Amino acid sequence: MRFGKSALIFLSIFYPIFLTLFYLGTIENRMDYAYSHLFLNYSHGFARRSLYGTLFQSIPFISARMALLLGYVQVLIAVILTYAIFARHFLGSFREMLLFGFFFGGCGVLPHLGLLYGYLDVPLFSLLLITVFVIHIGREHDAIALILVSALTVTGLLIHEAYLLMFYPAVFFLLFLRVKPGKSSTLAFLLHCALVAAAFCLIILHGNASMEATAYFNLAKARTNIPISGLVFGIMRGSFHEQFAAAVHFYLRPTTLLFVAVSVFTALPYLLVLFCFLSAVVSGRQPQSSNLTGWVRRLAPFVLVAPLLLTLVGFDFMRWLSSVCIDITIVAAFQFCFAPDKDQIRRAFATIAQKDWFVSGLLASIIIGPFGVVMGNRLTEKLFLLSSSLGIHWGWRP
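Using my numbering, the letters of the sequence shown map in sequence onto residues 17 to 414.
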């Protein structure tokens, strides 16, 4: 019996790693798009999404094996940072360990990143973790922390301008919670927001590649034996209107609509439980010093679902939904571990973890597996997962 309990404790903490490794490298499509970002750099002038590729610019030839290794290393870094920052704070009880497993082993977090091992989502997630850690350790030195957070945010925007909507909402929300009464703290926060907005506008307005897309693509092909996508290089010179028109055309296809609907409906048990934790974070149970006035409680969910706006220009709806899950997870885990009133939050989370529907969401997220991209799984698999997750949901509801 003691061995069985120890095994459950071990699994509750480490099953996010198991799921991440299980799905690592299993995606069969869209990797030509992901790998293409390795070949964007600043050698032909300032351009969007080129910082990451610039790190590997000195490598004359990137083979398929090297690209695969780079993707795996990025996932490993993300997992190590996750456990280093958060894991030890969830070791108080078995229920808290289950909370850790639910947060980071959910279908929208580490397993999803393991599946998309070559995408820029992975280094951006690691950057988010570093940023929230700086927010935590800098609580006694607000000015220095805010400067570092601003620098890290601009770095994220240089890696991919979509960082503003993908992962910055979690940073923004956590910074807002730390704004202290008084003009100086409010002014510093507004200056940070102005700097981030200015950097984003600069990248969008002046980040189009100077080289013609076909020529850029051919230069990249000469440096690798990996199938890469010309779409990445075309986007560098594309307009918002062109990307919006392409996205509308893609999402209005019946097949795409069906995949999105089934994928979201399948994940409902997981998503509903996750939003319960967000509700606990922004509820009125916390003291007024948390800056959570009534309008903030109403605004918070909209800030953290900002990644869904990327649907207007991007094809991967499940990636944007995963970003929502990551932002909510990071906010919830940060408050659980580091908030001034974390004892109240821990009690609120423990209450949720004792509900039958929490177990429903936990098991459903394991069965569903990572979100991936819109067309990441076959429709028959989606329908099977739908019936399985709903069966668990109904079977475990109180």
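Even glycine gets a Cβ: it sits at the ideal position worked out from N, Cα and C. Only a predicted model underlies this, so the values are computations on that prediction, with no experimental measurement involved.
Beta carbon of residue i nearer than 7 Å to that of residue j
i, j, result
"Gln90", "Pro139", "yes"
"Tyr39", "Pro317", "no"
"Gly377", "Tyr286", "yes"
"Thr345", "Val150", "no"
"Val350", "Val148", "Here residue 350 is Phe; the residue named in the question, Val, does not match the sequence. The answer is yes: Cβ separation under 7 Å."
"Phe233", "Val289", "no"
"His176", "Arg65", "yes"
"Leu129", "Phe118", "no"
"Ile102", "Leu115", "Sequence check: residue 102 is Phe here, not Ile. Cβ distance not < 7 Å, so Phe102 and Leu115 don't count as in contact."
"Leu131", "His53", "no"
"Met252", "Gly134", "no"
"Phe260", "Val319", "no"
"Arg212", "Thr282", "According to the sequence as given, residue 212 is Val; it is not Arg. Going by C-beta atoms, Val212 is not nearer than 7 Å to Thr282."
"Met82", "Ser28", "no"
"Leu145", "Leu97", "yes"
Backbone secondary structure at residue i - three-state DSSP
i, result
"Ile78", "strand"
"Leu288", "helix"
"Ser28", "helix"
"Ile408", "Here the model assigns Ile408 a pLDDT of 47, short of 50, so the residue's position is not dependable, and the following value carries that caveat. Helix at Ile408."
"Phe34", "helix"
"Pro303", "In this predicted model, Pro303 has a pLDDT of only 40, less than 50, meaning its place in the structure is not dependable; the value taken from the coordinates is given anyway. Pro303: coil per DSSP, three-state reduction."
Nearest-angstrom Cα separation, counted from residue j out to residue i
i, j, result
"Met391", "Val276", "No answer about Met391 holds up, because its pLDDT of 49 lies below 50 and its placement is not dependable."
"Gly69", "Leu174", "11 Å"
"Ile342", "Phe62", "30 Å"
"Val347", "Leu190", "7 Å"
"Ile93", "Lys196", "33 Å"
"Gly246", "Leu84", "19 Å"
"Asn393", "Met227", "Note that Asn393 scores a pLDDT of 48, beneath 50, so its modelled location is shaky and nothing firm can be said."
"Gly121", "Ser74", "36 Å"
"Arg269", "Val248", "22 Å"
"Pro185", "Ala80", "34 Å"
"Leu324", "Asn241", "34 Å"
"Thr230", "Gly250", "8 Å"
"His257", "Thr272", "21 Å"
"Phe34", "Phe110", "18 Å"
"Asp372", "Gln360", "21 Å"
"Ala214", "Asp158", "21 Å"
"Cys209", "Leu218", "14 Å"
"Pro243", "Leu71", "20 Å"
"Tyr49", "Phe291", "31 Å"
"Ile384", "Lys199", "47 Å"
"Ile78", "Ala225", "22 Å"
"Leu379", "Val340", "20 Å"
Residue from the options with nearest C-alpha to residue i
i, options, result
"Arg335", "Leu221, Leu181, Asp48, Ile163", "Leu181"
"Leu203", "Ala238, Leu162, Leu132, Pro243", "Leu162"
"Gly223", "Asn57, Ala167, Ser52, Gly41", "Asn57"
"Ile368", "Leu337, Ala296, Phe331", "Ala296"
"Val95", "Phe354, Tyr31, Gln360", "Tyr31"
"His60", "Phe116, Leu97, Ala236, Val280", "Ala236"
"Thr327", "Leu71, Phe266, Leu54", "Phe266"
"Phe354", "Tyr99, Arg155, Gly134", "Arg155"
"Leu37", "Ala159, Tyr88, Met47, Phe77", "Tyr88"
"Ser381", "Asp332, Ser279, Phe205, Leu193", "Ser279"
"Leu274", "Tyr179, Phe333, Ala238", "Phe333"
"Leu294", "Ile78, Arg239, Phe365", "Phe365"
7 Å Cβ cutoff, residue i in contact with chain D
i, result
"Phe30", "Here chain D cannot be found, since the structure has a single protein chain."
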